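Chemist: Here the sequence shown stands for residues 1 to 241, where the numbers follow full-length UniProt numbering. Virtual Cβ for every residue (Gly too), placed ideally from N, Cα, C. Nothing here was measured: the structure is a model prediction, and the numbers come from that model. My questions will all concern the structure given below.
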Amino acid sequence: MIPDCIAYNDSDPVVIERTSNSSEENTDCSFDDFNLRPAYVHRICDCLDRFKSREEALEFVKRFRLEFCDVIQFHEAVGDLMNSSICTEILWGILRVDQSAFSDYNVFQAIMSRVDCNFAYSVRWTCADCKDAYKTWVCNSKVLPYVSLKTPTSCVSLCHRVLQRCPYFLPGSDFQWSGQSAFECRDGQDGAGQDECFIPETTTAIPKKQTSPSAETKTATNSPVGSPTSSLVSGEADPGS
């Protein structure tokens, strides 16, 4: 079953092998590419130690991108850190949540592989649109809260975008009823006290729209932000088949 896609949880079982910071390691600040990877962690933090101002450090880190959630910038999380050991711990954590989001996306892709994408399920959206929407949402839910200094809440509109652009999966539990999507979003009440949420395409704060969700998209208060459940996910046979 696909894991519940919720905000970053420190218990996510994602393991990334760390590289050592040996004396033979190249400590200059030139890089072959700017994808954040384990081999670059110590070098990036060593370079941050050399900058005399926060502005210089931020401009340096802005060059780098996450390998999966590449639209999300993480420079604010480390730009103020002149302590190399703290910097490396934070970068390892960022790598871990990025890998966790990638793992969730791979599970979702496995589910989507069971859908005949040559068959049009929408007059507007395709399987590619569905996967893009899911990637945007899972990165926003898992990675952005970890790297943002403002502790953003997940935009409900991103979850609704997945609902809108993805095909319907047959229900696999008594909780669902005819016509209900297998991917549900919270109604936004949990974040009602927050003034802002974040969209990863811009990584800037935007005001929440004060709209009432439809009855079809409301779920229980204690349910995950997005909780995909279906017979395709669980492998259960459809009772009507």
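What does the alpha-carbon distance come out to for the pair I16 and W92?
Modeler: Bear in mind that a pLDDT of 47 at I16, under 50, signals an unreliable position, so the number given afterwards is only what the model happens to contain. Going by the C-alpha atoms only, they are around 8 Å apart.
Chemist: Mind checking whether D104 and K142 have CB atoms under 9 Å apart?
Modeler: yes
Chemist: Would you call the CB atoms of residue 300 and C185 closer than 9 Å?
Modeler: The structure shown does not extend to residue 300, since the chain spans only 1 to 241, so no value can be given for it.
Chemist: Is C117 helix, strand or coil by DSSP?
Modeler: C117 falls in the coil class under three-state DSSP.
Chemist: Drop a sphere of 10 angstroms on the beta-carbon of K135, count the other beta-carbons inside from all chains shown, and report buried for 16 or more, exposed for fewer.
Modeler: Looking at its Cβ environment, which holds 16 or more other Cβ atoms inside 10 Å, K135 is buried.
Chemist: Can you check the stretch 72-143 for any alpha helix (DSSP H) of at least 4 residues that lies completely inside it and give the ranges in chain order?
Modeler: 75-78, 84-112, 127-142
Chemist: Classify R54 as buried or exposed, calling it buried when 16 or more other Cβ atoms lie within 10 Å of its own Cβ.
Modeler: Result: exposed.
Chemist: If I follow the unbroken alpha helix (DSSP H) through L48, where does it start and stop?
Modeler: 41-48
Chemist: Taking all protein chains shown into account, do 16 or more other C-beta atoms lie within 10 angstroms of the C-beta of C159, making it buried, or fewer, making it exposed?
Modeler: buried
Chemist: For R63, which residues in the same chain have their Cβ closer than 7 Å to its Cβ, ignoring the five residues on either side in sequence?
Modeler: Excluding positions up to five away in sequence, the list reads F34.
Chemist: Q73: buried (16+ other C-beta within 10 angstroms of its C-beta) or exposed?
Modeler: buried
Chemist: Which residues share a DSSP beta bridge with C155?
Modeler: Residue pairing by DSSP leaves C155 without any beta bridge partner.
Chemist: Taking the CB atoms as reference points, tell me whether R37 and E67 lie closer together than 9 Å.
Modeler: yes
Chemist: So the candidates are C166, Y40, L144, D46; which of them puts its Cα closest to the Cα of V97?
Modeler: L144
Chemist: Roughly how many angstroms separate the alpha carbons of R161 and E59, rounded to a whole number?
Modeler: 32 Å
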